[in-house]
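Following: one structure in structure tokens, then a few remarks.
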Amino acid sequence: MAGKTVAVMGGGVGGVVAANRLRQLLPREHRVVVVDRNPIHAFAPAFTWVMLGWQKAARIVGDLRHLRRRGIEVLIDEVTSLDMERRRLVLTRQEVPFDYLVLSPGVEYGTGNVPGLARAWTFYHLDGAEALRDELEKLREGRIVILIPSVPYKCPAAPYEAALLLDYYYRKRGLRDRVDIRLFTPEPQPLPVAGPQVGEQVLELLSAREVWFGPRMQVQSVDQDARMVTFADGSQVAFDLLIGVPVHSAPRVVREAGLTGDKGWVEVDRDTLSTAWEGVYAIGDVTNIPLANGLSLPKAGVFAHAEAEVVARNIAAQIEGRPESYTFAGQGQCFLETGYRRAALVQGDFLAEPEPRVSLRAPSLFWHLVKAGFARWWLWRWF
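Those letters in the sequence shown? Residues 182 to 564, per the numbering used here, in order.
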């Protein structure tokens, strides 16, 4: 049998897991090729720790080039276009023909149509978390505004976790009575996909820590010079430090290849993650998977990981002439750090009908330690 080439576009959670699993399952006559312009994989759940100076960036990263030791080809290059007809990834320096393609490029960050948002601080990437750390250390009084400008955004619990950790951070410094923390979102409640009960539990956590919450607030513009956010209803809020969640979209090359649907994301079969193109799969944040309640599957690493396992195993089965037998179950969980060495756990079955079945387990030392241990295990296991 002639060797096949499986190309994996993107070295995030989904791409790293898919490449590792494919290499484990396939004989060496078949190629597994990972392409990413950035050689560094960063463990995103720890970005809030970096933001507060509790973790060094060097401790939460892995080098994609280390995957070469496992027999995975790694190309550090940018995908400039996807030639779906010729089944090739076009890079800046070469082309990669493929028999199978796993699209796992993540999202592209931007500012949408919000003037001034580009100058907001953010912890949604590693460089931003490090820069924000220095600003938070300098801030001794004033108002911090956490702004969610649009949905969807990945790691839906992260802005709420950031607010709770900032409360703890300033209480430890003895400055909380001088620092006002406010969070604004266009969503009707925290974590809408998790249902009203979980949303109410998160609201109680915010209220107990005196974090002001503004739902259904659609940002219109940001004036960094005047330090003022203006919302669509005409209301305004002043800030001393603005932390923004970037506007998320599918990467340009994915859009230009015509792979996105009406919602702007890659539409996939929710069981197999297959796209409209034969042998082409999409996993992780770039996808849109509708749920029974009319919302979409959250963009989170736990789902990218599970989807990668399904896709890798089914591709290996196809190559070896076996039937595809793996399906995506839609079960997932995420930690919500609350400070004081405590974390809550949000978990559930997101593909359940007539609506997702999701619960929040109360903050405890146990879940905090589990998250800390998982961060170390992740990089050890996959790199």
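Built from N, CA and C at the ideal position, the CB exists for glycine as well.
- The beta-carbon distance between Q399 and A413, rounded to whole angstroms, is 4 Å. This is short enough to meet the 8 Å contact definition.
- Beta-bridge annotation (DSSP): E289 is paired with S430.
- Here V400 is bridged, per DSSP, to F412.
- Our two residues, L272 and E259, have alpha carbons roughly 5 Å apart in a direct line.
- About 6 Å separates the CB atoms of G196 and V215; that is less than 8 Å, so the two are in contact.
- For H549, same chain residues with a beta-carbon under 6 Å away, outside a window of 5 residues either side, are R522, R523, A524 in chain order.
- Taking I327 as reference, the option from P286, G415, A419 with the minimal CA-CA separation is A419.
- Put simply, of A339, A301, V428, K353 the residue whose alpha carbon is nearest the alpha carbon of N294 is V428.
- Taking a cut-off of 8 Å for Cβ pairs, the segment 509–517 and the segment 183–200 do not touch, as fewer than three such pairs fall below it.
- Per DSSP, the unbroken beta strand (DSSP E) holding F365 starts and ends at 360–365.
- In the three-state DSSP reduction, P337 falls in the coil class, being neither helix nor strand.
- Rounded to whole angstroms, L372 and P479 show a C-alpha spacing of 9 Å.
- In this structure, N201 sits near W563, with a CB-CB distance shorter than 7 Å.
- Taking every protein chain shown into account, the CB of A463 has 16 or more other CB atoms within 10 angstroms, so this residue is buried.
- Setting aside the 5 residues that flank it on each side, L284 is surrounded in the same chain by M190, G191, V435, L440, V447, T456, V461, Y462, A463, I464, V467, each with a C-beta closer than 8 Å to its C-beta; the list follows chain order.
- Counting along the chain, H549 sits inside no beta strand (DSSP E); it lies in the alpha helix (DSSP H) bounded by residues 546–563.
- In this structure, DSSP gives T273 a state outside helix and strand, which the three-state scheme calls coil.
- In this structure K335 touches A481 by the C-beta definition: roughly 6 Å separates them, less than 8 Å.
- Looking at the DSSP output, V449 sits in no beta bridge, so it has no partner there.
- When the five nearest sequence neighbours on each side are left out, the beta carbons in the same chain lying within less than 8 Å of the beta carbon of L422 are those of W302, E316, L317, L320, G323, R324, I325, V326, in order along the chain.
- Here R268 is buried. Its C-beta has 16 or more other C-beta atoms within 10 Å.
- Inclusion of G425 and L298 in the CB contact set at 7 Å is warranted, their separation being smaller than that value.
- From the listed residues Y290, D443, A438, the smallest Cα separation to E266 is found for A438.
- Taken through DSSP and simplified to helix, strand or coil, A239 comes out as helix.
- For M265, no beta strand (DSSP E) encloses it, and the DSSP letter there is neither H nor E.
- A direct Cα-Cα distance of roughly 8 Å separates P537 from L472.
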